[in-house]
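All remarks here apply to the structure that follows.
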Amino acid sequence: MNKVLVIGVSCSGKTTFGRRLAKLLGVNFYDLDDLYWFPGWIESNPLEFSEKVSKLLGQDRWVFVGNYKSVQKMLIESSDTVIWLDYSKSLVWIQALNRCFNRIILRTSCCNGNYESFFRTFFSRDSILLWIFKDYTRRKRKYNLMLESGEFDGKTFVHLKRRSDAEEFFKVIDIV
Numbered sequence: 000m001n002k003v004l005v006i007g008v009s010c011s012g013k014t015t016f017g018r019r020l021a022k023l024l025g026v027n028f029y030d031l032d033d034l035y036w037f038p039g040w041i042e043s044n045p046l047e048f049s050e051k052v053s054k055l056l057g058q059d060r061w062v063f064v065g066n067y068k069s070v071q072k073m074l075i076e077s078s079d080t081v082i083w084l085d086y087s088k089s090l091v092w093i094q095a096l097n098r099c100f101n102r103i104i105l106r107t108s109c110c111n112g113n114y115e116s117f118f119r120t121f122f123s124r125d126s127i128l129l130w131i132f133k134d135y136t137r138r139k140r141k142y143n144l145m146l147e148s149g150e151f152d153g154k155t156f157v158h159l160k161r162r163s164d165a166e167e168f169f170k171v172i173d174i175v
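Take 0 as the starting number for the sequence shown in numbering that gives the first Met the number 0 and just add one per residue.
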């Protein structure tokens with residue numbers, strides 16, 4: 000397990016899982032949100048973003064987390080392992096609300112130095128909560144279709160459906 004891609008819906012815990020895995024494996028960790036966003040919620044130029052990711056993929060060992068369509072194909076092709084955090088909608092919602100409230104109250108930065116606000120989170124068209132509501136079923140369907148169509152063939156594919164599955168996964172990795 001040298002080149003790992005962690006996928007899943009927003010707020011499924013990809014970043015927390017990926018950081019933990021990278022630390023355990025002793026490899027570099029990259030969050031696509033940090034590579035994509037500039038401070039002030041300014042989006043990357045698509046070509047520059049793709050080039051940035053492509054350059055990092057040239058390293059021997061890494062863990063990437065994220066779901067950006069523009070770089071998904073190259074990430075899957077470059078990885079030897081794909082881990083899908085496929086948690087229930089209720090768990091994702093609980094995690095999303097906890098994350099949003101914590102980031103708002105504690106003023107914790109995210110996505111390369113950005114900050115979530117109460118207005119952006121609850122009343123904006125750019126709300127992460129609105130995004131999850133619209134994206135959860137679509138992304139789950141998409142990953143199931145990718146799995147069925149063989150897009151992950153040749154990769155070690157790990158499908159985690161519960162937090163307890165993730166904890167068991169880490170226990171096994173820690174032993175190996």
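Here a beta-carbon is modelled for each residue, glycine too, at the ideal position from N, C-alpha and C.
Where residue 52 falls, given that 16 or more other Cβ within 10 Å makes a residue buried: buried
Terminal residues of the alpha helix (DSSP H) in which residue 62 lies: Membership of residue 62 in any alpha helix (DSSP H) is not indicated; the residue belongs instead to the beta strand (DSSP E) covering 61-64.
Delimiting residues of the alpha helix (DSSP H) encompassing residue 17: 13-24
Cα-Cα separation between residue 79 and residue 155, rounded to whole angstroms: 6 Å
Simplified DSSP assignment, three categories, for residue 32: Reduced to three states, the DSSP call for residue 32 is helix.
Backbone secondary structure at residue 115 - three-state DSSP: coil
Assigned secondary structure, residue 143 (DSSP; H/G/I helix, E/B strand, else coil): helix
CB-CB length for residue 164 against residue 23, believed under 8 Å: Under the criterion of beta carbons closer than 8 Å, residue 164 and residue 23 do not qualify as touching, at roughly 16 Å.
Contact set for residue 58: own chain, Cβ-Cβ below 7 Å, skip 5 residues either direction: 27
C-alpha distance - residue 167 paired with residue 94, whole-angstrom precision: 20 Å
Rounded straight-line distance, which links the Cα of residue 147 to that of residue 43: Spanning the two alpha carbons is a distance of roughly 32 Å.
Where residue 17 falls, given that 16 or more other Cβ within 10 Å makes a residue buried: It counts as buried.
Beta-carbon proximity of residue 88 to residue 135, cut-off 9 Å: yes
Whole-Å CB distance - residue 143 paired with residue 36, under 8 Å assumed: With a Cβ gap of about 28 Å, residue 143 and residue 36 do not count as contacting.
According to DSSP, residues forming a beta bridge with residue 41: 37
Buried/exposed call for residue 104, threshold 16 Cβ in 10 Å: exposed
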